[in-house]
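S.K.: Residue numbers (my numbering), protein chains in the order written: chain A, 589 to 766; chain B, 589 to 766.
A virtual CB, placed ideally from N, CA and C, is assigned to each residue, including glycine.
What you are looking at is a predicted structure, and each value in this text was computed from that prediction instead of being measured.
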DNA sequence: AACCTCATGTAACACGTTACATGATTAT
DNA sequence: ATAATCATGTAACGTGTTACATGAGGTT
């Protein structure tokens with residue numbers, strides 16, 4: 589089961605929304621997909637070169653104002669659709685927080701409380717950010733694109749609320765010594 | 589920021605619950621931590637050797653019935669506590685499902701529906717498994733260990749319920765053409 | 001005899017981060 | 001001028017999976 593580099597998929601997806609420099613691709617992925625996807629420069633630039641070699645994107649150096657901009661080619665659009673249709677493989681779980689809490693009796697006193705309080709804080713920050721995004725999104729024109737974006741936002745909201753509820757409940761259920 | 593190998597932490601944690609062969613360590617991690625942690629043999633055996641070198645675990649070959657069993661040493665217990673107390677770093681998100689749904693308009697017709705239905709199925713299976721674990725756990729002796737295990741189980745339950753609710757809702761909100 | 005599970009390991013590869021290096025443009 | 005941001009890339013390393021190889025012991 590050879591996993592195709594998913595970085596190319598994310599980069600291609602970003603470029604399907606408009607032409608960008610590599611730097612902007614990274615910014616777009618961080619800002620728009622940031623809650624469920626991450627790419628570093630060390631992945632993006634090689635991916636851009638590979639996609640260019642494959643003819644999926646084209647480099648243009650129009651006004652020579654700064655770096656070169658990339659845009660998706662018709663072949664690239666076909667490739668994007670193919671890759672998106674491929675099955676996704678859930679990444680094996682590696683949750684450091686849960687691992688620590690599972691062996692919670694081995695933690696220093698008070699540490700598990702700290703961990704849970706930090707999670708509550710994180711969930712609240714995420715929910716506030718999601719609320720802002722949703723307010724912003726309500727001003728967008730309706731349509732299929734909007735619906736799909738709302739769907740991914742709803743994912744973040746549901747899971748953040750669940751996380752908050754869990755951490756709050758867990759804090760109360762903590763053994764007395766902690 | 590050099591990430592210490594977390595595999596050693598999981599292996600040490602598993603061995604803190606009793607002596608095991610490498611094969612059993614893998615089974616224990618899969619069965620007990622499986623919902624939030626994963627290790628492959630390719631990681632476990634090198635980790636066992638490294639931990640043995642470091643004096644954190646000891647190999648014993650008692651009845652020579654089969655492979656050698658490992659048990660944690662006092663130094664290993666100290667090491668486990670140190671490692672558990674270290675801050676955990678959230679793994680950067682890479683959610684292939686969400687990436688595909690975000691670009692849902694590029695998916696073949698019906699594909700997003702399939703994806704969501706598969707998620708509902710997965711969440712329901714997970715919830716059934718959690719219910720069985722919880723029933724099992726209610727017969728355990730109470731105490732701090734029990735409390736911490738209940739806490740990690742509750743995490744799985746909260747998130748699985750949120751996932752189910754999201755996928756169900758998303759299915760209804762899908763654009764008409766899909 | 002064939003097969004399954006237990007058991008241990010290695011090698012090749014895929015994936016991804018981090019640190020480093022370098023320089024252009026733009027704002028203060 | 002100086003600093004911040006934009007921009008591009010490479011090299012080293014860490015981490016982790018998958019496929020392969022090998023063999024013991026027990027079951028059908």
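Assuming residue 758/A is part of the alpha helix (DSSP H), what are its boundary residues?
M.R.: Within the first chain, residue 758/A is the residue found at index 170, counting from 1. Counting along the chain, the alpha helix (DSSP H) containing residue 758/A begins and ends at 732 to 761.
S.K.: Count the other CB atoms, across all protein chains shown, that sit within 10 Å of the CB of residue 713/B; report buried if there are 16 or more and exposed otherwise.
M.R.: Residue 713/B sits at position 125 when you count from the first residue of the second chain. That one is exposed.
S.K.: Which residue wins for smallest C-alpha separation from residue 644/A, given the options 711/A, 632/A, 631/A and 660/A?
M.R.: Residue 644/A sits at position 56 when you count from the first residue of the first chain. Measuring from the Cα of residue 644/A, the nearest candidate turns out to be 660/A.
S.K.: Which residues, in chain order, does the region 718 to 734 of chain B contribute to contact with chain A at a C-beta distance below 7 Å?
M.R.: Listed by position along the chain: 732 and 733.
S.K.: Would you mind reading off the limits of the alpha helix (DSSP H) that contains residue 718/B?
M.R.: Numbered from its first residue, the second chain carries residue 718/B at position 130. That run of the alpha helix (DSSP H) goes 699 to 725.
S.K.: Which bits of chain B does residue 679/A rub up against, with CB to CB less than 7 Å?
M.R.: Within the first chain, numbered from 1, the residue matching residue 679/A stands at position 91. Simply 682.
S.K.: Residue 642/B by DSSP, collapsed to three states: which one?
M.R.: The sequence position of residue 642/B within the second chain is 54, counting from 1. Of the three classes helix, strand and coil, the one that applies to residue 642/B here is coil, per DSSP.
S.K.: Please state the DSSP three-state secondary structure of residue 691/B.
M.R.: Residue 691/B sits at position 103 when you count from the first residue of the second chain. Of the three classes helix, strand and coil, the one that applies to residue 691/B here is coil, per DSSP.
S.K.: What residues match up with residue 659/B in a beta bridge as DSSP calls it?
M.R.: Reading the second chain from its first residue, position 71 is the one you call residue 659/B. According to DSSP, residue 659/B bridges with 646/B.
S.K.: Taking residue 722/B and residue 741/B to be in contact with their CB atoms under 8 Å, please state how far apart those CB atoms are, rounded to whole angstroms.
M.R.: For the purposes of this step, residue 722/B is identified with residue 134 of the second chain, where counting begins at 1. For the purposes of this step, residue 741/B is identified with residue 153 of the second chain, where counting begins at 1. Sure, about 6 Å apart at Cβ, within 8 Å.
S.K.: Can you name the residues that DSSP bridges to residue 682/A?
M.R.: The sequence position of residue 682/A within the first chain is 94, counting from 1. Paired residue(s): 625/B.
S.K.: At 7 Å on the CB atoms, spell out the chain A contacts of residue 606/B, in chain order.
M.R.: Looking up residue 606/B in the second chain gives position 18. The contacting residues do not exist; residue 606/B stays about 14 Å from chain A at best.
S.K.: Examine chain A for any beta-carbon lying closer than 7 Å to the beta-carbon of residue 739/B, and answer yes or no.
M.R.: Counting from 1 along the second chain, the entry for residue 739/B is found at position 151. For residue 739/B, the answer is yes, since a Cβ of chain A falls inside 7 Å of its Cβ.
S.K.: Does the region 607 to 626 of chain B come close enough to the region 674 to 692 of chain A to have 3 or more Cβ pairs within less than 8 Å?
M.R.: Flag = yes, the region 607 to 626 of chain B and the region 674 to 692 of chain A touch.
S.K.: On the premise that residue 736/B lies in contact with residue 759/A, defined as a C-beta separation below 8 Å, what is that separation, rounded to the nearest angstrom?
M.R.: Within the first chain, the letter at position 171 stands for residue 759/A. Within the second chain, the letter at position 148 stands for residue 736/B. About 13 Å separates the two Cβ atoms, so there is no contact after all.
S.K.: When the cut-off is 7 Å and only beta carbons count, does residue 618/A lie next to chain B?
M.R.: Walking along the first chain from the start, residue 618/A turns up at place 30. No, no contact with chain B.
S.K.: Can you tell me whether DSSP reads residue 669/A as helix, strand or coil?
M.R.: Along the first chain, read from residue 1 onward, the residue named residue 669/A stands at position 81. Three-state result, residue 669/A: helix.
S.K.: Just checking my contact of residue 691/B with residue 731/A at CB under 8 Å: how many whole Å lie between their CB atoms?
M.R.: As a working note, residue 691/B is residue 103 in the second chain. As a working note, residue 731/A is residue 143 in the first chain. Between residue 731/A and residue 691/B the Cβ distance is about 14 Å, and since that is not below 8 Å, they are no contact.
S.K.: Name, going along the chain, the residues of the region 684 to 710 of chain A whose beta-carbon falls closer than 7 Å to a beta-carbon of chain B.
M.R.: Listed by position, the residues of the region 684 to 710 of chain A near chain B (Cβ gap below 7 Å) are 684, 685, 686, 687, 688, 689, 690, 691, 692, 693, 694, 695, 696 and 699.
S.K.: Can you name, in chain order, every residue of its own chain whose Cβ lies under 8 Å from the Cβ of residue 748/A, other than the five neighbours on each side?
M.R.: Here residue 748/A corresponds to residue number 160 of the first chain, with the count starting at 1. Within the same chain, residue 748/A has close Cβ partners 711, 714, 715 and 718.
S.K.: Report the three-state DSSP secondary structure of residue 591/B (helix, strand or coil).
M.R.: The count along the second chain starts at 1 and reaches residue 591/B at position 3. For residue 591/B, the predicted model reports a pLDDT of 42, less than 50, meaning its position is unreliable; a value from the coordinates is still stated below. Three-state result, residue 591/B: coil.
S.K.: Taking the alpha-carbon positions, what's the residue 640/B to residue 668/B distance?
M.R.: Walking along the second chain from the start, residue 640/B turns up at place 52. Walking along the second chain from the start, residue 668/B turns up at place 80. Approximately 14 Å, taken between the alpha carbons.
S.K.: Please confirm whether residue 624/A has its beta-carbon closer than 7 Å to some beta-carbon of chain B.
M.R.: As a first step, residue 624/A must be located in the first chain, where it is residue number 36. At least one chain B Cβ lies under 7 Å of residue 624/A.
S.K.: Note down the Cα distance separating residue 657/B from residue 755/B, rounded to an integer number of angstroms.
M.R.: Indexing the second chain from 1 puts residue 657/B at position 69. Indexing the second chain from 1 puts residue 755/B at position 167. Cα-Cα distance, rounded: 44 Å.
S.K.: Are there 16 or more other CB atoms within 10 angstroms of the CB of residue 599/A, so buried, or fewer, so exposed?
M.R.: Counting from one through the first chain, the residue named residue 599/A turns up at place 11. It is buried - the Cβ of residue 599/A has at least 16 other Cβ atoms within 10 Å.
S.K.: Could you list which residues in chain B have their beta carbon closer than 7 Å to that of residue 763/A, in chain order?
M.R.: Taking the first chain and counting its residues from 1, the one referred to as residue 763/A is at position 175. In chain order: 732 and 735.
S.K.: Quick check: is the beta carbon of residue 652/B nearer than 7 Å to any beta carbon in chain A?
M.R.: Reading the second chain from its first residue, position 64 is the one you call residue 652/B. Low confidence applies to residue 652/B: its pLDDT is 48, below 50, so where it sits in the model is not reliable, and the reading given next is rough at best. Not one chain A Cβ lies under 7 Å of residue 652/B.
S.K.: Since residue 614/B is in the alpha helix (DSSP H), which residue starts that stretch and which ends it?
M.R.: As a working note, residue 614/B is residue 26 in the second chain. Residue 614/B -> alpha helix (DSSP H) spans 610 to 620.
S.K.: Once DSSP output is grouped into helix, strand and coil, what is the label at residue 728/B?
M.R.: Position 140 of the second chain, counted from the start, is the residue given in the question as residue 728/B. Reduced to three states, the DSSP call for residue 728/B is coil.
S.K.: When the Cα atoms are used, what is the spatial distance from residue 686/A to residue 700/A?
M.R.: If you number the first chain from 1, residue 686/A lands on position 98. If you number the first chain from 1, residue 700/A lands on position 112. Approximately 10 Å, taken between the alpha carbons.
S.K.: Suppose you measure from the CA of residue 696/B to the CA of residue 704/A; what does that come to, to the nearest Å?
M.R.: If you number the second chain from 1, residue 696/B lands on position 108. If you number the first chain from 1, residue 704/A lands on position 116. C-alpha separation (whole angstroms): 42 Å.
S.K.: Show which residues of chain B have a CB atom less than 7 Å away from the CB atom of residue 757/A.
M.R.: Numbered from its first residue, the first chain carries residue 757/A at position 169. Simply 742.
S.K.: What residues from chain A crowd round residue 631/B, counting only those whose CB sits closer than 9 Å?
M.R.: Along the second chain, one-based indexing puts residue 631/B at 43. Simply none; closest approach about 11 Å.
S.K.: Taking only the alpha-carbon atoms, compute the straight-line gap between residue 651/B and residue 605/B and give it to the nearest angstrom.
M.R.: One-based indexing of the second chain puts residue 651/B at position 63. One-based indexing of the second chain puts residue 605/B at position 17. Unreliable positioning characterises residue 651/B in this predicted model, as indicated by a pLDDT of 46, which lies under 50. The coordinate reading is nonetheless provided below. Distance between the alpha carbons of residue 651/B and residue 605/B: 21 Å.
S.K.: Is the beta carbon of residue 636/B sitting closer than 7 Å to the one on residue 610/B?
M.R.: Along the second chain, read from residue 1 onward, the residue named residue 636/B stands at position 48. Along the second chain, read from residue 1 onward, the residue named residue 610/B stands at position 22. Yes, the Cβ-Cβ distance between residue 636/B and residue 610/B is below 7 Å.
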